[in-house]
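Using the UniProt record's numbering, read the sequence shown as starting at 1 and increasing by one per residue.
Everything on this sheet refers to the single structure shown next.
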Amino acid sequence: MRASVCRFFDITPLGRLLNHFSGDMEVIDEELPGTLDTLCSYGASAAIAMATIHASLTISHQLYGNLLHLPTEFFDITPSGRILDRCTSDVQILDTIMPLNMRIFMSTMFQGNNI
1 MRASVCRFFD
11 ITPLGRLLNH
21 FSGDMEVIDE
31 ELPGTLDTLC
41 SYGASAAIAM
51 ATIHASLTIS
61 HQLYGNLLHL
71 PTEFFDITPS
81 GRILDRCTSD
91 VQILDTIMPL
101 NMRIFMSTMF
111 QGNNI
């Protein structure tokens, strides 16, 4: 029975193809985890970047939309420097701190699954 199985891999085209690629299994076992790790890391970075850009745009549009709909008395009472400072600090937090926190959260979440 063993001889007929070995003969299958020597004679048939499918057997020859499988026999040819079975010698590369050591290379696949060594290279595949690193490649998958790189692809997953790139995918996670791209997902975080896209999510933070979307969140930043959504919140910025809401912020400036609400700011434009305020009554004129608000602008008479509140100094323009205070309004500008508040808007730029909110956008700065969205653009710098939020991506960092999301990356730390996702890293911690995926490390917990490796235990």
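Heads up, the beta-carbon is just placed ideally off N, CA and C, and yes, glycines get one too.
Query	Result
Endpoints, the alpha helix (DSSP H) within which Ile83 is located	Ser80 to Gln92
C-beta contact flag for Met98 and Thr52 at 8 angstroms	yes
Supposed close pair Ser45, Asp95 - CB separation, criterion 8 angstroms	In fact, because the Cβ distance is near 16 angstroms, the residues do not count as touching under 8 angstroms.
Supposed contact pair Met109 and Ile48 - C-beta distance, whole angstroms, cut 8 angstroms	Actually they are not in contact, since the Cβ atoms of Ile48 and Met109 sit about 12 angstroms apart, beyond 8 angstroms.
Endpoints, alpha helix (DSSP H) assigned at Asp76	Thr72 to Ile77
Uninterrupted beta strand (DSSP E) stretches inside the segment 31 to 60 (no shorter than 3 residues)	none
Cα-Cα separation between Phe75 and Ile93, rounded to whole angstroms	24 angstroms
Inter-residue spacing [alpha-carbon to alpha-carbon] between Thr88 and Leu67	13 angstroms
Near the ligand FMN: Pro33 beta-carbon under 7 angstroms from a heavy atom	With respect to the ligand FMN, the structure offers nothing, as it holds no ligand at all.
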